[in-house]
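Sequential numbering from 1 applies to the sequence shown in UniProt numbering.
All C-beta atoms in this analysis are idealised placements derived from N, C-alpha and C, irrespective of residue type, glycine included.
Here the structure comes first, spelled out in structure tokens, and everything after it is commentary.
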Amino acid sequence: MVLGELSGSMYRALQQMKNATVIDEKVLDGCLNEISRALLQADVNFKMVKDMSLNIKKIVNLDKLAAGHDKRKPSYVPKKGKPSVVMFVGLQGSGKTTSCTKYAYYHQKKGWKPALVCADTFRAGAFDQLKQNATKAKIPFYGSYEDSDPVNIATQGVEKFRKENFDLVIIDTSGRHQQEASLFEEMRQLAEATKPDLVVFVMDSSIGQAAFSQAQAFNREVQVGAVIVTKTEGSAKGGGVLSAVAATKSPVIFLGTGEHVHEFEVFDVRPFVSRLLGMGDMSGFMNKIHEVMPVEQQPEMLQKLSEGCFTLRMMYDHFQNLISMGPLSQVYSMLPGAGAADLMPKGREQESLAKIKRYMTIMDSMTNKELDSTDPKIMNESRIMRVARGSGRSVQDVKDMLDEYKRMAKVVGSTMKGLKIPKNGESSR
Ligand code: GDP
1 MVLGELSGSM YRALQQMKNA TVIDEKVLDG CLNEISRALL QADVNFKMVK DMSLNIKKIV
61 NLDKLAAGHD KRKPSYVPKK GKPSVVMFVG LQGSGKTTSC TKYAYYHQKK GWKPALVCAD
121 TFRAGAFDQL KQNATKAKIP FYGSYEDSDP VNIATQGVEK FRKENFDLVI IDTSGRHQQE
181 ASLFEEMRQL AEATKPDLVV FVMDSSIGQA AFSQAQAFNR EVQVGAVIVT KTEGSAKGGG
241 VLSAVAATKS PVIFLGTGEH VHEFEVFDVR PFVSRLLGMG DMSGFMNKIH EVMPVEQQPE
301 MLQKLSEGCF TLRMMYDHFQ NLISMGPLSQ VYSMLPGAGA ADLMPKGREQ ESLAKIKRYM
361 TIMDSMTNKE LDSTDPKIMN ESRIMRVARG SGRSVQDVKD MLDEYKRMAK VVGSTMKGLK
421 IPKNGESSR
């Protein structure tokens, strides 16, 4: 089952649930059965599917679900021109200060008048960091080197910016851990004094399952209304995100995808789910590799893929397998975006095959260094011209081939990087 069909089945299953006026055990079972069947057909490990189904049943408290009643907590959305206070909380190092600036920058670009307040008096250098970020993004800020009372600073900052007609005042707070009772008390006081319209819980995507208890602890002290997940680039982990959402019953609103101020994406559930599905596929991918690849070739290839490394030679081998439709093509077809389905759309196989052969002819004129390089920049204009001449193809053909390579390398980078290499026969997660 290809990914498109899988998401179709999932969508249908969820739609059924959405259309039901009363969600009882029968409706939930029906939905879970549908999803499990789709996942099994997509080659996801049986035990994983069974565990997932049991876990969901454990989490969902049917008694609490009143008939037709929507339990989701609507998240506060700041309105342009209407003063809003948004307070950021989270563990130290989760990416709060960075995300505050990104959040401000995002809204500034859309016509808001945002300002930043640094209420982190705990960490030396916190104000300087916020100041630096804010200055770079041209966002007004407020903080103090002398005052050590975060409640004072926050209150003053909010008052000042409100008077100056800023419509989005963002408060950055110290990083804290659920065991630090006094810091948690301070956070509660901060919320009491500034009365934020929205509290955003910032979490690092790599925190994993610890996300649940941390998010829950923060939510107990201050009403978390939204979640921002940081450092999501290249990471395929999804469990932690779901835990934070479950613990706070709040939606994820943005994803941090890098250190820079513009590396910030509005959270959209669809690509996220397809990434999760990609993860399901990944375990199948690993199992397939063990089945079809000579054992002596496995470690090297897996090692390379898990480093997010994908060379032109690997693409060449991939094409060779696609052409012969050998068992490896099944393996690659599991890579979302890099599979046979993309390269060979149904009904256009002949055309696609000709394209693949053309690309291979072009690669035949490349040097070993070019084929084994992991840096796409190696193919500069003069090399492209040489390869075009050598292969008898146009410069545009060479560029098209390189674009295809970059696209595949990006997919490998985002889905395979950091993947733990399993021992023979084990699933990867
Ligand atoms: P805070 O202690 O919660 O305020 O965390 P910081 O904002 O200081 O971030 C901690 C580190 O994570 C810094 O080095 C940031 O540059 C980095 N960081 C924050 N968000 C992201 C992200 O989305 N991706 C990456 N790669 N790094 C991030």
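For Ala193 and Val224, which I take to be in contact (beta-carbon distance under 8 Å), what is that distance rounded to the nearest angstrom? Within the sequence shown, residue 193 is the residue found at index 193, counting from 1. Within the sequence shown, residue 224 is the residue found at index 224, counting from 1. Actually they do not touch by this definition, with Cβ atoms about 18 Å apart.
Could you name the residues that DSSP lists as bridge partners for Thr173? As a first step, residue 173 must be located in the sequence shown, where it is residue number 173. BP columns for Thr173 point to Ala119.
Any contact between the segment 253-263 and the segment 90-110? By contact I mean 3 or more CB pairs, one from each, below 8 Å. yes
For the ligand ATP, is there any heavy atom lying closer than 7 Å to the beta carbon of Ala247? Because the ligand ATP does not appear in the structure shown, any question about it cannot be addressed here, the ligands present being the ligand GDP.
Asp204: first and last residue of the uninterrupted beta strand (DSSP E) it sits in: Counting from one through the sequence shown, the residue named residue 204 turns up at place 204. That run of the beta strand (DSSP E) goes Leu198 to Asp204.
Does the Cβ-Cβ distance between Lys47 and Asp172 come in under 8 Å? Here residue 47 corresponds to residue number 47 of the sequence shown, with the count starting at 1. Here residue 172 corresponds to residue number 172 of the sequence shown, with the count starting at 1. Contact flag unset, no.
CA nearest to the CA of Ser373, picked from Met87, Leu312, Ile207 and Lys410: Residue mapping note: residue 373 aligns to position 373 of the sequence shown, counting from 1. Ranking the options by Cα distance to Ser373, first place goes to Leu312.
Once DSSP output is grouped into helix, strand and coil, what is the label at Ile253? Within the sequence shown, the letter at position 253 stands for residue 253. Looking at Ile253 - three-state DSSP - the assignment turns out to be strand.
Contact test: Ser206 Cβ vs the ligand GDP heavy atom, cutoff 7 Å: Working through the sequence shown from its first residue, we reach residue 206 at position 206. No, the ligand GDP has no heavy atom inside 7 Å of this Cβ.
Just to confirm before moving on: does the CB-CB distance between Gly125 and Tyr142 stay below 8 Å? One-based indexing of the sequence shown puts residue 125 at position 125. One-based indexing of the sequence shown puts residue 142 at position 142. Against a cut-off of 8 Å, the Cβ pair of Tyr142 and Gly125 comes out as no contact.
Bridge partners for Glu265 per DSSP, in chain order? Against the sequence shown, residue 265 aligns to sequence position 265. In the DSSP output, where bridge partners are listed per residue, Glu265 has Leu255.
For the ligand GDP, I want to know if Lys96 counts as a neighbour, meaning its beta carbon is within less than 7 Å of at least one of the ligand's heavy atoms. Here the question's residue 96 lines up with position 96 in the sequence shown. Lys96: yes, Cβ under 7 Å from the ligand GDP.
What residue does the beta strand (DSSP E) around Thr230 start on, and which one ends it? Position 230 of the sequence shown, counted from the start, is the residue given in the question as residue 230. Run containing Thr230: Ala226 to Thr230, per the beta strand (DSSP E) assignment.
Please list, in chain order, all residues of the same chain as Asn133 whose beta carbon is under 6 Å from its beta carbon, the five residues on each side excluded. By one-based count along the sequence shown, residue 133 stands at place 133. If we look at Asn133 and ignore the five residues flanking it on each side, its Cβ neighbours are Thr101.
On the DSSP letters alone, give me the boundaries of the beta strand (DSSP E) that Met385 sits inside. What you label residue 385 is simply residue 385 of the sequence shown in a count that begins at 1. It is not in any beta strand (DSSP E) - Met385 instead sits in the alpha helix (DSSP H) that spans Glu381 to Ser391.
Which whole-angstrom value is the C-beta distance of Asp167 and Lys50, which I expect to be below 8 Å? Counted from its first residue, the sequence shown places residue 167 at position 167. Counted from its first residue, the sequence shown places residue 50 at position 50. Incorrect: roughly 50 Å between the Cβ atoms, too far for contact.
Spatial distance of Phe319 from Val169 (CA atoms): Your numbering for residue 319 matches position 319 in the sequence shown. Your numbering for residue 169 matches position 169 in the sequence shown. Straight through space, the alpha carbons of Val169 and Phe319 are spaced by roughly 54 Å.
Reducing DSSP to helix, strand and coil, say where Met363 ends up. Here residue 363 refers to the residue found at position 363 of the sequence shown. Here Met363 sits in helix by DSSP.
How would you label Gln214, buried or exposed, when you count the other beta carbons within 10 angstroms and need 16 or more for buried? The count along the sequence shown starts at 1 and reaches residue 214 at position 214. Looking at its Cβ environment, which holds 16 or more other Cβ atoms inside 10 Å, Gln214 is buried.
Evaluate Ser243 with the Cβ neighbour count: other Cβ atoms within 10 Å of its Cβ, from every protein chain shown; 16 or more gives buried, anything less gives exposed. In the sequence shown, counting from the first residue as 1, residue 243 sits at position 243. Ser243 comes out buried.
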